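A.B. asks: Take this structure first; my questions come after.
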Amino acid sequence: MRKIILGALALAPFAIAGRAHAQTDAASPYFNNSLLCKSQSTGAVCDLWLDAGGKYMVFYDSGKKAYVKGVDGPFEYEGRQGTYTAVVAPDGVRLCLKPEADHPPRPRGNSPALFHDAGCVTLPSHPVGDLWDYSYRGETYKIGLIAGR
Amino acid sequence: MLRLAATASLIALALGLGSHAQARDPMSIYYNNTQVCAGGLNGDDACHMWVFGNGTFVMFGGMQGGHFGHYKIGPARPDGKIPICYYLDTLGIDIPPELAATPAGPAGPPGGGAPGAGGPPPGAAPGGPAGGMPRRSMGCDTVNFHTTCGPGHGKPALDAQGKPLPLAKGIIARFHNGMCYPMQVDHKVGDHWIEKDDPSPSQGGLDQLFLLPGHR
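Structure (structure tokens):
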């Protein structure tokens, strides 16, 4: 019995690692590549990185010139990071983002809404190099999966 | 008990908890926080940096998207400043025009300075985007943790056809070769200060720096 318990304990990290990867495997086309977006109404852009370990970073350029007055901004640029899961869905990849704790709250900015807050989106499957239109919360974005970072 | 203590000591040594490791890490205040660099004269938002304790960093702003790199810390100068040299690990990606950032419009600075005259890190684009156009003859050389920029320095940033690189890629290329900034390191989160040693002559060699809590 003791051997069984010890064996199970020894294998536990591998099981956990395997599960973590299973929750990001669907996003593998994005690893080491960049998912770029551009709002068709404001011109604001974003750059999303998904890592195999379940972490992500996203960077924004509002496209609006900003002159920083203090630590509360205003800013032209913004970045976020957090954890994600990605699973295969009938119409693509279901991507769920969870930004890291936000204390204090970020100042209101002009970043695109896409990938900004906690929540899920379904991304249609496209090979690296493809561009496509995507609608999110009433806004149309041009999206592209671009090779490299 | 003695055996336990000896084991603990060995583990501590293995983890680098010896006396030398207790020396103050000049970059520690930047870990898990965001350094924002802005034009020294007009406050133009120029770059945001996330510096990590493993010697790497991410920089964004002025060069569309994020960019990974690594940094090296030089010896303290007589004035107490410590040179930090940033090296981007990338030469940038090819962004199709449909996804390229639109140059931010000239909203007009709050007071003084030309729109778009800010510069990345601590101002991110030394000598780069002044007036919205790259200065073709401007380059930078880095020797012994010191960067000097100006006409005649560095190599021109050219593409495979020998044409000048677009502005963003020119800035990335410059940081790929390394850019060093003498930094004050006695700051705390929430601080706003001015560095007077930007190797770029734009914005009078001045950078405004802000240290924001968290990654943002």
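In order, the protein sequences belong to chains D and W. Letter by letter, the first sequence follows residues 1 to 149 of my numbering. Letter by letter, the second sequence follows residues 1001 to 1216 of my numbering. For each residue, glycine too, the CB sits at the ideal point set by N, CA and C. None of these values were measured; they are calculated from a predicted model.
Excluding the five sequence neighbours on either side, which residues of its own chain have a C-beta within less than 6 Å of the C-beta of Gln40 of chain D, listed in chain order?
C.D. replies: As a first step, residue 40 of chain D is located in the first sequence; it is residue number 40 there, counting from the start. Once the five neighbours on either side are set aside, the close Cβ partners of Gln40 of chain D are Thr140.
A.B. asks: Might you give, ordered along the chain, the residues of its own chain that have their beta carbon closer than 7 Å to the beta carbon of Asp1191 of chain W, omitting 5 neighbours on each side?
C.D. replies: On the second sequence, residue 1191 of chain W is found 191 positions in, with the first residue counted as 1. These residues qualify, in order along the chain: Leu1211.
A.B. asks: Could you give the DSSP three-state label for Ile1172 of chain W: helix, strand or coil?
C.D. replies: Residue mapping note: residue 1172 of chain W aligns to position 172 of the second sequence, counting from 1. Ile1172 of chain W: helix per DSSP, three-state reduction.
A.B. asks: Can you tell me whether DSSP reads Pro1078 of chain W as helix, strand or coil?
C.D. replies: As a working mapping, residue 1078 of chain W is identified with position 78 in the second sequence. Correct three-state label for Pro1078 of chain W: coil.
A.B. asks: Ignore the nearest five residues each way along the sequence and tell me which others in Tyr30 of chain D's own chain have a CB closer than 6 Å to its CB.
C.D. replies: Position 30 of the first sequence, counted from the start, is the residue given in the question as residue 30 of chain D. Correct list, in chain order: Leu50.
A.B. asks: Taking the Cβ atom as the reference point for each residue, do Val128 of chain D and Ala26 of chain D lie within a distance shorter than 8 Å?
C.D. replies: Looking up residue 128 of chain D in the first sequence gives position 128. Looking up residue 26 of chain D in the first sequence gives position 26. Taking 8 Å as the Cβ cut-off, Val128 of chain D and Ala26 of chain D do not qualify as a contacting pair.
A.B. asks: Hey, does Gly1170 of chain W have any beta-carbon neighbour from chain D nearer than 8 Å?
C.D. replies: Indexing the second sequence from 1 puts residue 1170 of chain W at position 170. It does not: the Cβ of Gly1170 of chain W has no partner Cβ on chain D nearer than 8 Å.
A.B. asks: Just reading off the beta strand (DSSP E) that His1146 of chain W is part of, what are its end residues?
C.D. replies: As a first step, residue 1146 of chain W must be located in the second sequence, where it is residue number 146. 1146 to 1151 is the span of the beta strand (DSSP E), which, as asked, contains His1146 of chain W.
A.B. asks: Is it true that the stretch 61 to 70 of chain D meets the stretch 81 to 95 of chain D, where meeting means three or more beta-carbon pairs spaced less than 8 Å apart?
C.D. replies: no
A.B. asks: Let's see if you can read the secondary structure: which residues bound the beta strand (DSSP E) around Pro124 of chain D?
C.D. replies: Looking up residue 124 of chain D in the first sequence gives position 124. Taken as a continuous stretch (DSSP letters only), Pro124 of chain D belongs to no beta strand (DSSP E), as it is neither H nor E.
A.B. asks: Can you list, in chain order, the residues of its chain whose CB lies under 6 Å from that of Tyr60 of chain D, leaving out five sequence neighbours each side?
C.D. replies: Counting from 1 along the first sequence, the entry for residue 60 of chain D is found at position 60. Taken in chain order, the residues that qualify are Cys46, Glu78, Ser111.
A.B. asks: Counting only beta-carbon separations shorter than 8 Å, does His1070 of chain W have a partner in chain D?
C.D. replies: Translated into the one-based positions of the second sequence, residue 1070 of chain W becomes position 70. Not one chain D Cβ lies under 8 Å of His1070 of chain W.
A.B. asks: Measuring alpha carbon to alpha carbon, tell me which residue in W:Asp1186, W:Ser1202, W:Tyr1086 is nearest Phe1068 of chain W.
C.D. replies: For the purposes of this step, residue 1068 of chain W is taken as the residue at position 68 of the second sequence. For the residues W:Asp1186, W:Ser1202, W:Tyr1086, the minimum Cα distance to Phe1068 of chain W belongs to W:Tyr1086.
A.B. asks: Since Ser41 of chain D meets chain W, which of its residues come closer than 8 Å, beta carbon to beta carbon?
C.D. replies: For the purposes of this step, residue 41 of chain D is taken as residue 41 along the first sequence, with counting starting at 1. Correct list: empty, because the minimum Cβ distance to chain W is about 12 Å.
A.B. asks: Assign Leu1158 of chain W to one of two classes, buried (16 or more other C-beta atoms within 10 Å of its C-beta) or exposed (fewer than that).
C.D. replies: As a first step, residue 1158 of chain W is located in the second sequence; it is residue number 158 there, counting from the start. The residue is exposed, with fewer than 16 neighbouring Cβ atoms inside 10 Å.
A.B. asks: Rounded to whole angstroms, what's the CA-CA distance from Met1049 of chain W to Trp132 of chain D? Just pull it up for me.
C.D. replies: Counting from one through the second sequence, the residue named residue 1049 of chain W turns up at place 49. Counting from one through the first sequence, the residue named residue 132 of chain D turns up at place 132. Put simply, the backbone Cα of Met1049 of chain W is about 30 Å away from that of Trp132 of chain D.
A.B. asks: Report yes or no: do the stretch 1039 to 1047 of chain W and the stretch 1196 to 1210 of chain W share at least 3 C-beta pairs separated by less than 8 Å?
C.D. replies: yes
A.B. asks: How would you label Lys1155 of chain W, buried or exposed, when you count the other beta carbons within 10 angstroms and need 16 or more for buried?
C.D. replies: For the purposes of this step, residue 1155 of chain W is taken as the residue at position 155 of the second sequence. By the 10 Å Cβ count, Lys1155 of chain W comes out exposed.
A.B. asks: Once DSSP output is grouped into helix, strand and coil, what is the label at Gly1118 of chain W?
C.D. replies: Residue numbering aside, residue 1118 of chain W sits at position 118 when the second sequence is read from its first letter. At Gly1118 of chain W the pLDDT is 35, less than 50, meaning the model places this residue with poor confidence; the figure from the coordinates comes in the next sentence. Gly1118 of chain W: coil per DSSP, three-state reduction.
A.B. asks: Strictly under 8 Å for the Cβ-Cβ distance: is Phe1060 of chain W near chain D by that measure?
C.D. replies: Start at 1 with the first residue of the second sequence, and residue 1060 of chain W comes out as number 60. For Phe1060 of chain W, the answer is yes, since a Cβ of chain D falls inside 8 Å of its Cβ.
A.B. asks: Any Cβ of chain W within less than 8 Å of the Cβ of Trp132 of chain D?
C.D. replies: Within the first sequence, the letter at position 132 stands for residue 132 of chain D. No, Trp132 of chain D lies away from the interface with chain W (no Cβ there is under 8 Å from its Cβ).
A.B. asks: Near Gly1113 of chain W, what residues of its chain come up, given a Cβ to Cβ distance below 6 Å and the 5 sequence neighbours on each side ignored?
C.D. replies: For the purposes of this step, residue 1113 of chain W is taken as residue 113 along the second sequence, with counting starting at 1. Low confidence applies to Gly1113 of chain W: its pLDDT is 37, below 50, so where it sits in the model is not reliable enough to give any reading.
A.B. asks: Going by DSSP, name the residue or residues bridged to Thr1102 of chain W.
C.D. replies: The residue you call residue 1102 of chain W lines up with position 102 of the second sequence. Under the DSSP definition of a beta bridge, Thr1102 of chain W lacks any partner.
A.B. asks: Within 10 Å of its beta-carbon, does Gly1066 of chain W have 16 or more other beta-carbons around it, so buried, or fewer, so exposed?
C.D. replies: Looking up residue 1066 of chain W in the second sequence gives position 66. Gly1066 of chain W counts as buried, since no fewer than 16 other beta carbons sit within 10 angstroms of its beta carbon.
A.B. asks: With a cut-off of 8 Å, does the C-beta of Phe1057 of chain W fall near any C-beta of chain D?
C.D. replies: The residue you call residue 1057 of chain W lines up with position 57 of the second sequence. Chain D contact via Cβ: absent.
A.B. asks: Could you check whether the Cβ of Pro1075 of chain W sits closer than 8 Å to any Cβ belonging to chain D?
C.D. replies: Taking the first residue of the second sequence as position 1, residue 1075 of chain W is located at position 75. Closer than 8 Å: no.
A.B. asks: Measure from the C-beta of Pro1166 of chain W to each C-beta in chain D and report whether the shortest distance is under 8 Å.
C.D. replies: Position 166 of the second sequence holds residue 1166 of chain W. No, Pro1166 of chain W does not count as interfacial toward chain D.
A.B. asks: Got a sec, what are the start and stop residues for the beta strand (DSSP E) Asp1045 of chain W sits in?
C.D. replies: Your numbering for residue 1045 of chain W matches position 45 in the second sequence. Taken as a continuous stretch (DSSP letters only), the beta strand (DSSP E) holding Asp1045 of chain W covers 1045 to 1051.
A.B. asks: What residues from chain D crowd round Asp1207 of chain W, counting only those whose CB sits closer than 7 Å?
C.D. replies: Here residue 1207 of chain W refers to the residue found at position 207 when the second sequence is read from its first residue. Ordered by position in chain D, no residue passes the 7 Å Cβ test against Asp1207 of chain W, which lies about 11 Å from the chain.
A.B. asks: Identify the continuous beta strand (DSSP E) that holds Ala1157 of chain W and give its terminal residues.
C.D. replies: Here the question's residue 1157 of chain W lines up with position 157 in the second sequence. No beta strand (DSSP E) holds Ala1157 of chain W; DSSP gives it neither H nor E.
A.B. asks: Between Asn32 of chain D and Leu145 of chain D, is the Cβ-Cβ spacing less than 8 Å?
C.D. replies: On the first sequence, residue 32 of chain D is found 32 positions in, with the first residue counted as 1. On the first sequence, residue 145 of chain D is found 145 positions in, with the first residue counted as 1. Taking the C-beta atoms as reference points, Leu145 of chain D is found no nearer than 8 Å to Asn32 of chain D.
A.B. asks: Could you tell me which chain D residues have their CB closer than 7 Å to the CB of Pro1096 of chain W, listed as they occur along the chain?
C.D. replies: To locate residue 1096 of chain W, count along the second sequence from 1; it is residue 96. Residues of chain D passing the Cβ test: Leu131, Gly144.
A.B. asks: Among the candidates W:Asp1141, W:Val1036, W:Gly1055, whose CA atom is the shortest distance from the CA of Gly70 of chain D?
C.D. replies: By 1-based counting over the first sequence, the position of residue 70 of chain D is 70. Taking only the C-alpha atoms, the option nearest Gly70 of chain D is W:Val1036.
A.B. asks: Are the C-beta atoms of His1187 of chain W and some chain D residue less than 8 Å apart?
C.D. replies: Within the second sequence, the letter at position 187 stands for residue 1187 of chain W. Cβ-Cβ to chain D under 8 Å: no for His1187 of chain W.
A.B. asks: Ala1046 of chain W to Val121 of chain D, Cα distance in whole Å?
C.D. replies: Reading the second sequence from its first residue, position 46 is the one you call residue 1046 of chain W. Reading the first sequence from its first residue, position 121 is the one you call residue 121 of chain D. Straight-line Cα distance between these residues: approximately 31 Å.
A.B. asks: Using only the alpha-carbon positions, how far apart do Tyr56 of chain D and Asp1025 of chain W sit?
C.D. replies: Translated into the one-based positions of the first sequence, residue 56 of chain D becomes position 56. Translated into the one-based positions of the second sequence, residue 1025 of chain W becomes position 25. Each residue's Cα considered, the two are about 27 Å apart.
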